[in-house]
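According to the working numbering, the sequence shown is numbered sequentially starting from 5. Inspection log for the structure reproduced underneath, given as structure tokens.
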Amino acid sequence: MVYEKMYNSNDEEDAPMDQRPMHSVIRQMMQQQGKRFWAGDNISEYVTRNKDRLIDEATEAFEHVLDALLIDRKTDPNSQGTARRLAKMYYNEIMAGRYEPAPDCTAFPNDSEDRYEGMLVVRSELRSMCSHHHQPVNGVAYIGIIAAEKLIGLSKYTRIAQWCARRGTLQEELCNDIAREIQKATGAKDVGVYIQATHGCCENRGIMAHSSLTQTTVLKGAFKDDAGTKKEFFDNIKLQQDFAPR
Ligand SMILES: [Zn+2]
């Protein structure tokens, strides 16, 4: 019952501000401002200056999880630092895309006479985590755009994709998120995103399917409406897959 009391958000919110855990203060602020904070949402503007304190609070919470799992984190040398390792890993690595602001994408003008008007397809390796089971998702995204008035550096496509991926995601949502953020960064309306990924929650548990592969596609603008553009996109993906080292 102690833990229930400790984690009851209403109790926390009744306490004086300076005695409350930081995550409780931030959660209340987001609720009051109507800010959604689902596993796949970026909340970097609420977190930046408070990350160290939030990692301390998450460490304490993971200690309770290990205790509840009846793991001896006092004498088992391999479990002694696990709560802190988990807290840091969530904040700084596997969910970093929730807590860090969008990558800085300098856009270069593409409006001269000899502007590039063709299709660009970038292959980006992804590491993500499913929101349902917190199991790893490994895969690649193929990001296609028809160049608009701005171009961004090639590495930025992958930075954006990884920023979207390093959260708790559903592959369907992730595909949408990447397409939207690429549109935002490039100003291009014609964008296609195709993701191929394996899911730890299908491989390590449940159906234990070791060769399952999930594909998702999001098509915007000409990628959706023009059969030729769509075909070129998928032909390019095929060329990349024939080329890419496995
Ligand atoms: Zn899952």
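Even for Gly, the Cβ is constructed at its ideal location relative to N, Cα and C. Please read all numbers here as calculations on a predicted model, not as lab measurements.
Take the Cβ of residue i as the centre, count every other Cβ of all protein chains shown within 10 Å, and call the residue buried at 16 or more, exposed below.
i, result
"residue 116", "exposed"
"residue 72", "exposed"
"residue 5", "Low confidence applies to residue 5: its pLDDT is 44, below 50, so where it sits in the model is not reliable, and the reading given next is rough at best. The residue is exposed, with fewer than 16 neighbouring Cβ atoms inside 10 Å."
"residue 203", "buried"
"residue 169", "buried"
"residue 258", "A question about residue 258 goes unanswered here, because the residues of the chain that appear run from 5 up to 250."
"residue 10", "In this predicted model, residue 10 has a pLDDT of only 49, less than 50, meaning its place in the structure is not dependable; the value taken from the coordinates is given anyway. Answer is exposed; the Cβ neighbour count stays below 16."
"residue 130", "buried"
"residue 79", "exposed"
"residue 178", "buried"
"residue 210", "exposed"
Cutting at 6 Å between CB atoms, please list the residues of its own chain near residue i, excluding the five before and the five after it.
i, result
"residue 111", "154, 156"
"residue 225", "193, 194"
Taking C-alpha atoms, which residue in the options lies nearest to residue i?
i, options, result
"residue 133", "97, 158, 159", "97"
"residue 222", "193, 209, 106, 208", "193"
"residue 25", "55, 40, 39, 90", "55"
"residue 59", "103, 22, 190", "103"
"residue 151", "164, 126, 114", "114"
"residue 219", "235, 146, 166", "146"
"residue 57", "70, 91, 46", "91"
"residue 196", "88, 126, 100", "126"
"residue 89", "109, 75, 66, 74", "66"
What residue does the alpha helix (DSSP H) around residue i start on, and which one ends it?
i, result
"residue 193", "Run containing residue 193: none; DSSP gives neither H nor E here."
"residue 50", "48-51"
"residue 142", "Element bounds for residue 142: not the alpha helix (DSSP H) but the beta strand (DSSP E), 140-150."
"residue 59", "55-72"
"residue 213", "First-last for residue 213: undefined, no H or E at that position."
"residue 33", "26-36"
"residue 102", "100-103"
"residue 208", "That residue, residue 208, is in no alpha helix (DSSP H); it is neither H nor E in DSSP."
"residue 231", "231-247"
DSSP state of residue i, grouped into three classes?
i, result
"residue 128", "strand"
"residue 122", "coil"
"residue 203", "strand"
"residue 172", "strand"
"residue 21", "helix"
"residue 156", "strand"
"residue 111", "strand"
"residue 93", "helix"
"residue 81", "coil"
Please list, in chain order, all residues of the same chain as residue i whose beta carbon is under 7 Å from its beta carbon, the five residues on each side excluded.
i, result
"residue 7", "Per-residue confidence for residue 7 stands at a pLDDT of 48, beneath the threshold of 50, marking its modelled position as unreliable; no derived number is given."
"residue 214", "207"
"residue 183", "195, 197, 222, 224"
Please list the terminal residues of the continuous beta strand (DSSP E) segment that includes residue i.
i, result
"residue 218", "218-223"
Just to confirm my understanding: we take residue i, look at its own chain, exclude 5 residues before and 5 after, and list those with CB closer than 8 Å. What are they?
i, result
"residue 173", "43, 44, 132, 133, 134, 135, 141, 181"
"residue 120", "114, 151, 155"
Please confirm whether any heavy atom of ligand 3 lies closer than 8 Å to the CB of residue i.
i, result
"residue 27", "Here the bound small molecules are ligand 1; ligand 3 is not part of this structure."
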